[in-house]
Structures are given as C-alpha cells and as structure tokens.
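Asker: First to last, the sequence lines map onto chains V and D. Going by the working numbering, the letters in the first sequence line up with residues 37 to 231, in that order. Going by the working numbering, the letters in the second sequence line up with residues 20 to 560, in that order. The C-beta atom is built at its ideal place from N, Cα and C for all residues, glycine as well. Predicted model only: the values in this text are computed from it and were never measured. Mind looking over this structure? Questions follow.
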Amino acid sequence: MKKDIILAGVGGQGILSIAAAIGTAAINEGLYLKQAEVHGMSQRGGDVHSDLRISDREIASDLIPEGKADMILSVEPMESLRYLPMLAADGWLITNTNPYVNIPNYPEIDSIMAEVKKVNQHIAIDANKIAADMGSKRSANMVILGAAAPFIGLPYESLQKAITDIFSRKGEAVVNVNLKALSEGYAFAKKLINN
Amino acid sequence: MEKILLLGDEAIAQGAIDAGLSGIYAYPGTPSTEIMEYVLGSREAQQQSVRSGWAANEKTAMEAALGMSYAGKRAMVCMKHVGLNVAADAFINSAITGANGGLIVVAADDPSMHSSQNEQDSRFFGKFAMIPTFEPVNQQEAYDMMHYAFDVSEKYGTPVLMRITTRLAHSRSGVIRKPVREQNTLSLPKMRNQFILLPANARKRYKVLLENQDAFLSDSEQSPFNIMHEGKDHSLGIIACGIAYNYLMENYPDRDIAYPVLKVGQYPLPKKQLTELYHSCDELLVLEDGYPVLEEQISSFYGLGKKIKGRLDGTLQRDGELNPNKVGAALGMLHAETLAVPDLVAARPPKLCKGCPHIYSYNALNAALEMHSKGRVFSDIGCYTLGALEPFEAINTCVDMGASITMAKGAADAGFVPAVAVIGDSTFTHSGMTGLLDAVNDQSPITVIILDNATTAMTGGQTSSATGKIEDICEALGVKKEHVIVMNPSPKFHEENMEVFKKEIEYEGVSVIIPRRECLHTAARRIREEKKIKEIESMKN
Ligand SMILES: Cc1ncc(C[n+]2csc(CCOP(=O)(O)OP(=O)(O)O)c2C)c(N)n1
Ligand code: SF4
C-alpha cells in the first residue's frame with residue numbers, strides 16, 4: 037500500500053488539519069508516513085502545499101516525485117491545478133469549488149472548472165456550501181477530506197477515529213460536527229462513483 | 020518503543036533534550052525556528068529545567084551557548100543559515116577555544132530560497148572552522164545524531180556543527196526515542212587558559228585544533244552515519260550527502276541499486292571510503308542538497324583524472340534544491356510525461372495581511388515622499404519587506420538584518436538626502452542599534468522608521484527583544500527626545516502621520532519614528548490565550 041497525496045490551498049486555509057487527520061490515521065494503522073510542509077513566507081495569503089506520503093514500506097523521499105501523486109486534494113479550485121504535473125496518469129483530483137479570490141487577476145471560475153473536468157478522475161465539491169448548510173462553515177476542510185476518503189486507502193473508521201482524537205480537546209460538539217462534515221463529503225463522493 | 024511524529028526540527032529538539040541538554044539559545048529564522056519552539060513547549064524540558072528562550076540575535080545566542088559549555092553543561096544554539104554569518108565571529112573562535120560541556124551549533128540551510136536571501140551552504144562554515152559536521156538523512160537520524168554529536172563534542176572538547184536543509188526541517192515522520200540521559204554537572208574547562216584567546220594561548224589552541232584533525236577524520240571514517248553500500252556495477256559510484264540519499268533511493272522503489280553508494284552524514288569527508296570508491300569506479304556522481312562542497316573537494320583531491328559528475332559539470336542544475344526527479348535525470352532515467360499547469364493558473368504571491376499595521380505606515384510614508392524623487396527607502400527583513408510588492412512598492416532595498424539604517428546612512432553620506440530607513444522592532448534589536456549609534460555619532464540626516472508590531476511576525480510571532488524598550492534605546496544612543504516620535508499606524512490618522520513623516524524627513528539630523536500597533540496574528544493569539552487563562556481561573560474559583 038502506498039498513497040502519495042498533494043494537499044493544496046492558500047495560506048491560512050488550514051490544509052494542515054487535513055494532513056493531521058490523514059497522518060494520525062496512517063500512524064494508527066501502523067503505516068510509514070512522511071509529510072513535508074511549507075512554513076514561512078508563503079503563509080501570508082500565498083499558495084501553500086504539503087506532500088503527504090503514506091506507505092506500508094519505508095519511505096525514502098520527503099518530496100513526491102513529479103507524475104507520481106495518487107491524489108491532489110485541494111481546498112481551493114485554482115490551487116488544485118497548480119500541481120497537475122505532480123499527478124499520476126491514474127491519479128484523483130479532488131477539489132473544493134469555492135474560489136479564494138485575493139489577487140486581482142483571479143481567472144473565471146468557469147474556466148477553472150473546465151480545466152478540472154479535463155482530468156480523467158476528478159471530484160469537485162462545494163464544501164463551503166455543504167459545511168454552511170450544516171451550520172458549521174469552519175468544517176469545510178473535513179467535507180473535502182470526506183470526499184477524498186474512498187481513495188485514500190485507509191479504512192473510513194480509521195479517519196473517524198483520527199478526527200475524534202484530534203478534536204477531542206475541543207469538546208464533544210466539535211468532534212461531532214467534524215465527523216458529520218466527513219460523512220457528508222464521503223456520501224457525496226460515494227454517490228458520484230456509484231453513478 | 021512507541022513512534023512519535025516529529026518534524027526534522029522537532030526531532031533535533033527532542034534528541035537534544037534526551038541527550039542531556041541544559042540550555043538552548045536561538046534567534047528565529049525559517050527553517051530553524053521550530054527547534055526552539057519545541058523546547059519552549061516541552062513539558063519534559065520544563066521539568067528538567069532546560070534553559071530556553073529567544074536571544075536578541077544569533078551572535079548573542081552563540082556566545083551564551085559557549086558560556087554554558089564553558090561551565091561544563093551541554094548547550095545547543097540554533098539558527099537559519101544566514102544567522103551563522105551573524106554568529107560567525109563567535110563560531111569560528113569557539114573552534115579555537117574548544118568546548119567543555121557538549122556544544123552543538125545547528126544551522127538550517129534553505130536551498131531554493133523558499134524564505135531566504137541566499138542559499139549558502141553551512142558545510143562551508145564547518146570546514147572553515149575545521150570542526151566535525153553532521154548532516155542527517157532523515158528525522159530518525161536527526162534525533163539519533165544529537166546523542167552522538169554531544170559525545171563527539173565532549174570526547175574531543177570541540178563544538179560541532181549540525182547542518183540540515185528546509186525539507187528535513189519541515190517534514191514530519193515517525194521517530195523512536197532513546198533512553199533519557201542526565202545533564203552534566205558544573206565543571207571548569209580542563210585547561211585553565213583555553214578560553215583566553217590572547218595570541219600566545221590562541222597559537223597553542225590552534226595547534227590543538229590542527230592536531231585534532233586526524234582524529235576528526237578517523238571518527239568520520241568509523242561513523243555510523245557514513246555508510247558504504249556495495250554494488251555490482253562499478254561503471255558509476257555515487258556519493259549522496261544527507262537528504263540527497265533519500266532522493267536517490269526514491270528512484271529505486273525496491274532499493275535494488277546496482278552502483279556502489281557512499282552515504283555521507285558526517286564530515287570531514289571519510290577519505291578512506293571515498294578513495295576506495297574512487298579507485299573502484301569508472302565515474303563518480305556527487306549528490307548534495309546545496310553547494311557542490313564535496314564535489315569541489317574531491318575534484319581538487321584527484322585532479323581531473325576521472326570524471327566527477329554533479330553540479331559543477333552540469334549533470335545537475337547548479338542552483339536550487341534537489342528532488343527525486345533531478346536525481347533520476349542525473350542517473351539517466353527517463354521521466355514519464357506529466358500533465359501541464361494550465362495557462363490560466365495565476366501566481367499568488369504572499370502579501371501583507373488585510374488590516375496589517377504595516378499597510379498604513381507605508382500609505383502615509385508613500386504620501387509623505389511623493390514630493391521627492393524615487394529610490395529613497397532602505398528597508399530590512401520582516402513582514403514589512405512585502406511592502407516592496409504592489410500596491411505599495413514602498414521600499415528599495417532588503418539585504419541583511421540591520422542594513423536599512425546603515426545603508427541609509429551611507430547613501431546620506433554620499434549626499435543622497437533625504438534617505439529613509441524602515442526596520443522592524445525585532446530586526447532593530449537584532450542588528451539595528453549599532454548602526455543607529457553610527458548615524459548619531461556622525462549626525463547623519465536620516466529618518467529611521469521602526470515598525471513596532473510587538474513581535475517577530477515574519478517567522479510566526481515569537482517574542483521580540485525590543486518590546487517596551489525602543490524609545491529608551493534610541494534616546495540612550497543619543498537620538499534627541501523630540502525626534503523620537505511614536506505614532507499609531509491606522510487609516511484614521513493617515514493625514515496626521517503623513518505630516519509627521521514629512522516634518523522628520525525635512526529635519527537634518529537623526530530622527531526616529533515608531534509606528535506602533537500589534538500584529539493582527541499576535542493580537543489574536545494573545546487574546547485567545549488571555550481568554551483561556553481567565554477560563555481556568557474562573558474554574559478554580
Ligand atoms: C540573520 C538573520 N536571522 C534571521 C532571519 C529570519 N528573519 C527574517 S525576518 C525576521 C523577523 C523580523 O521581525 P521584525 O523585524 O519584528 O518584523 P515583522 O516581521 O514583525 O514585521 C526574521 C527573524 C534572517 N533573515 N536573517
Ligand atoms: S503577520 Fe502580522 S505583521 Fe505580518 S503581515 Fe500579517 S498582520 Fe502584518
């Protein structure tokens with residue numbers, strides 16, 4: 037088992053909470069893990085990404101080789117495209133459709149989505165809307181993680197347990213909201229692949 | 020034992036704590052910052068009374084660590100690569116004094132300049148100082164090396180250098196801990212005069228360092244971090260330093276590499292293994308995540324006899340960090356075609372946060388300077404450097420910490436008046452104060468703007484040594500009280516602030532203006548923490 041995942045977004049969007057959930061689940065499953073993240077300059081509203089690698093064999097490089105990522109998991113649509121050269125031919129592109137516009141030349145969202153749809157295996161999900169409908173805007177990241185869950189190669193229960201562990205300090209209500217967000221995203225992806 | 024998930028930086032911190040560390044000194048700098056932050060947050064470190072806390076700059080940090088070593092205890096000092104330039108005087112001379120308690124200097128290099136002004140390679144400094152230098156391949160080795168490096172330091176009575184690069188510093192992986200070791204007790208250096216570098220003593224001490232070179236070499240040759248992997252195909256021999264070894268192995272998923280590989284994690288270069296490899300292979304390929312330090316050395320060791328491939332002969336790109344693809348290409352591996360980045364993807368550069376106080380300082384300063392020709396603002400390093408970008412385009416230089424004030428002074432000396440310096444509060448106490456003293460002594464007509472956001476924001480909001488002291492420092496250095504002016508950088512006071520800038524820029528002496536408002540992130544965090552403390556207290560009552 038080996039999964040190489042590029043996590044993408046904009047500084048401040050909290051992609052590291054997704055990394056923490058997958059990482060905790062992977063370690064609980066007894067897998068090897070490497071996760072390279074970027075600190076510093078790029079956190080001020082710039083593009084950020086993290087290389088997350090899990091495997092049942094020891095992992096050599098902290099960086100994923102180009103064209104070898106099994107998945108790009110992005111919390112922002114334009115950012116999902118920035119890392120396309122990293123994606124393997126049979127890889128999944130999973131992205132939020134909600135744009136984060138903080139530059140004057142942000143492209144038309146329709147042209148972005150047209151590019152997303154060119155990728156053979158993709159899932160586009162309006163995680164912000166799903167999270168807002170649940171009354172918890174802040175859990176959009178967990179909705180996206182849920183949408184990716186069928187392809188990560190970890191048991192769903194393992195992700196649930198990781199989220200429970202990570203958020204337990206913040207109380208039961210927060211844990212439940214995040215679990216709900218995960219399941220909403222999961223159901224969305226399941227429905228798509230079953231159709 | 021249980022595996023814990025640690026960043027490379029955190030593995031170094033935990034390794035040092037477990038190896039009997041008594042004190043850590045540092046000035047923040049990406050990618051080294053998380054070493055100190057981990058110790059600051061470690062309950063174990065607290066229970067063992069490990070000294071921790073931010074220093075004014077890397078030089079003061081280095082000297083304090085040397086002092087702790089003098090007193091017999093194990094000390095560590097951490098910085099980013101350019102920090103070692105600042106600490107260089109103390110660092111190079113510490114190789115002459117030697118160490119008493121174990122002393123590890125950690126320098127975190129940033130090839131590809133993810134957040135730095137250059138990509139200098141700290142291994143040069145290790146060689147320059149002639150001390151053992153370590154370069155871990157992964158998080159576990161970074162952890163393990165701390166015990167080992169303290170032992171080497173104490174065995175030979177020498178400081179040692181630990182060099183890491185961004186990818187290891189900021190990558191997380193599982194680490195297995197060792198049993199915890201006791202701290203040292205207080206003791207004086209073995210030789211009474213070894214820390215008095217009067218020429219007569221220094222000559223003796225330098226001979227000791229020179230005599231130690233053979234021992235450092237044989238230590239390297241026996242080091243568990245320098246490993247020779249045999250291979251059947253001797254058409255090529257590969258030398259892989261530190262993290263470059265991982266990029267090599269990534270190209271062999273089954274680890275079935277046919278060439279002999281020398282993995283290097285400790286310097287001086289293990290000459291024995293290297294010579295063996297050189298003589299048994301047709302060509303060599305050198306993989307280093309940084310400058311071609313080793314490549315240059317072996318090229319000159321052996322003249323031009325055998326082909327040595329690497330960054331110097333163009334096999335690998337001369338600049339920038341390595342990655343699995345670059346290393347694969349150097350081995351002649353074909354690289355499958357990949358998808359392209361669609362043209363519509365726009366750059367998203369970092370920028371000042373919405374509402375950041377620096378924005379309003381720059382707006383007022385730009386307005387005040389409108390009547391003058393361009394190119395007058397000498398700046399420095401921090402969040403405020405982003406004022407170079409649109410829409411502000413407010414600054415014209417950023418070189419090294421503290422250079423704003425001194426460069427403005429030099430330009431003013433040349434007759435370029437007005438000249439304005441813009442510097443952050445933390446940068447001011449790091450390296451700005453001495454330059455301000457020069458300007459005062461010369462009565463240079465410069466306007467110094469010290470942006471006081473009460474934190475070291477760029478590196479994540481560490482406490483700033485300057486907080487609460489800036490006016491006193493400036494006045495004590497001789498700036499006239501009426502020319503030390505505090506303002507509130509808020510859009511409400513735009514006109515007023517612009518007038519203050521204008522007036523002080525007109526003034527033909529040194530004036531200091533201090534726009535003061537807390538960084539938004541630091542303020543938010545402080546409020547969160549205060550709330551938490553209140554909650555805990557109300558629970559007690
Ligand atoms: C010699 C050296 N040490 C450390 C750094 C890393 N560094 C860059 S900016 C900065 C902090 C600046 O803080 P401050 O001057 O208060 O400005 P702010 O970011 O808060 O606006 C640091 C530590 C560096 N570039 N050079
Ligand atoms: S982190 Fe603070 S100082 Fe830096 S840009 Fe944001 S608000 Fe300004």
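Please indicate yes or no: does the CB of D/Tyr381 lie closer than 7 Å to some heavy atom of ligand 1?
Answerer: no
Asker: Indicate the three-state DSSP secondary structure (helix, strand or coil) for D/Tyr526 in the structure shown.
Answerer: The three-state secondary structure of D/Tyr526, taken from DSSP, is coil.
Asker: Cβ-heavy atom distance between D/Ala99 and ligand 1 below 7 Å?
Answerer: It is worth fixing the name first, because residue 99 of chain D is Lys in this sequence and not Ala. Yes, the beta carbon of D/Lys99 sits closer than 7 Å to at least one heavy atom of ligand 1.
Asker: What does V/Glu73 touch in chain D if you count any residue whose Cβ is under 9 Å from its own?
Answerer: Leu26, His189, Ser190, Arg191
Asker: Is the shortest distance between the beta-carbon of V/Asp83 and the beta-carbons of chain D less than 8 Å?
Answerer: yes
Asker: Does D/Val58 come within less than 8 Å of chain V when only Cβ atoms are used?
Answerer: no
Asker: Is D/Cys417 near ligand 2, going by C-beta to nearest heavy atom under 7 Å?
Answerer: no
Asker: Do we get a CB-CB distance below 8 Å when we pair V/Ile188 with the residues of chain D?
Answerer: no
Asker: Is the number of C-beta pairs between the stretch 130-149 of chain V and the stretch 97-117 of chain V that are closer than 8 Å three or more?
Answerer: yes
Asker: Around the C-beta of V/Gln223, are 16 or more other C-beta atoms found within 10 angstroms, so that it is buried, or is it exposed?
Answerer: Correcting the residue identity first, residue 223 of chain V is Ala in this sequence and not Gln. With fewer than 16 Cβ atoms within 10 Å of its Cβ, V/Ala223 is classed as exposed.
Asker: Just to check my reading of the structure: D/Tyr286 and D/Arg142 have Cβ atoms closer than 8 Å, yes? What is that Cβ distance to the nearest angstrom?
Answerer: 7 Å
Asker: For V/Val46 and chain C, any beta-carbon pair shorter than 8 Å?
Answerer: The chain labelled as chain C is not found among the protein chains of the depicted structure, namely V and D.
Asker: Keeping to the same chain, check which residues put their C-beta closer than 8 Å to that of D/Lys373; ignore five residues upstream and five downstream.
Answerer: none
Asker: Flag D/Met420 as yes when its Cβ comes closer than 7 Å to any non-hydrogen atom of ligand 1, and as no otherwise.
Answerer: yes
Asker: Output the distance between the C-alpha atoms of D/Glu525 and D/Gly394, rounded to the nearest integer angstrom.
Answerer: Between D/Glu525 and D/Gly394, the C-alpha separation is close to 17 Å.
Asker: Along chain V, which residues have their Cβ under 9 Å away from the Cβ of D/Val441?
Answerer: Within chain V, no residue comes near D/Val441; the closest Cβ sits about 18 Å away, beyond 9 Å.
Asker: Going by other Cβ atoms of all chains shown within 10 Å of its Cβ, with 16 needed for buried, is D/Val396 buried or exposed?
Answerer: buried
Asker: Assuming D/Ala469 and D/Asp444 make a contact with CB atoms under 8 Å, what is their CB distance in whole Å?
Answerer: According to the sequence displayed, residue 469 of chain D carries Ile and not Ala. Correct: roughly 6 Å between the Cβ atoms.
Asker: Mind checking D/Gln213: buried by the 16 CB within 10 Å criterion, or exposed?
Answerer: buried
Asker: Answer with yes or no whether the minimum CB distance from D/His513 to chain V is below 8 Å.
Answerer: no
Asker: Does ligand 2 have a heavy atom nearer than 7 Å to the CB of D/Ala476?
Answerer: yes
Asker: From D/Gly528, D/Leu363, D/Ile317, D/Gly487, pick the residue whose C-alpha is nearest to that of D/Asp432; which is it?
Answerer: D/Gly528
Asker: Would you tell me roughly how many angstroms separate the C-alpha atoms of D/Lys550 and D/Asn560, rounded to the nearest one?
Answerer: 15 Å
Asker: Please decide whether V/Asn134 counts as near chain D, where near means a Cβ-Cβ distance under 8 Å.
Answerer: no
Asker: Would you say D/Arg182 faces chain V, with C-beta separation under 8 Å as the test?
Answerer: Closer than 8 Å to the CB of D/Arg182 there is not a single CB belonging to chain V.
Asker: Alpha carbon to alpha carbon, what distance is there between D/Ile442 and D/Pro508?
Answerer: 15 Å
Asker: Alpha carbon to alpha carbon, how far is D/Leu496 from D/Thr453? Give it in angstroms, no decimals.
Answerer: 9 Å
Asker: Grab the span of the alpha helix (DSSP H) containing V/Asp146 for me, first residue to last.
Answerer: 145-154
Asker: Got a sec: is the Cβ-Cβ distance from D/Val360 to anything in chain V below 8 Å?
Answerer: yes
Asker: Check whether the stretch 196-203 of chain D and the stretch 145-155 of chain D are in contact - that is, three or more C-beta pairs closer than 8 Å.
Answerer: no
Asker: Compute every distance between the C-beta of D/Gln307 and the non-hydrogen atoms of ligand 1, then say whether any falls below 7 Å.
Answerer: The sequence shown places Glu at residue 307 of chain D, not Gln. False, no ligand heavy atom lies under 7 Å from that Cβ.
Asker: At 8 Å on the CB atoms, spell out the chain D contacts of V/Arg70, in chain order.
Answerer: One detail in the question is off: residue 70 of chain V reads as Lys in this sequence, not Arg. The answer, in chain order, is Ser190, Arg191, Ser192.
Asker: In whole angstroms, what is the alpha-carbon distance linking V/Pro121 and D/Glu389?
Answerer: V/Pro121 and D/Glu389: Cα-Cα distance of roughly 45 Å.
Asker: Closest to D/Tyr162 by CA distance: which of D/Gly176, D/Gly145, D/Met181 is it?
Answerer: D/Met181
Asker: Does D/Cys493 come out as helix, strand or coil in the three-state DSSP assignment?
Answerer: helix
Asker: Shorter than 7 Å, the distance from the beta carbon of D/Cys493 to the closest heavy atom of ligand 2, or not?
Answerer: no
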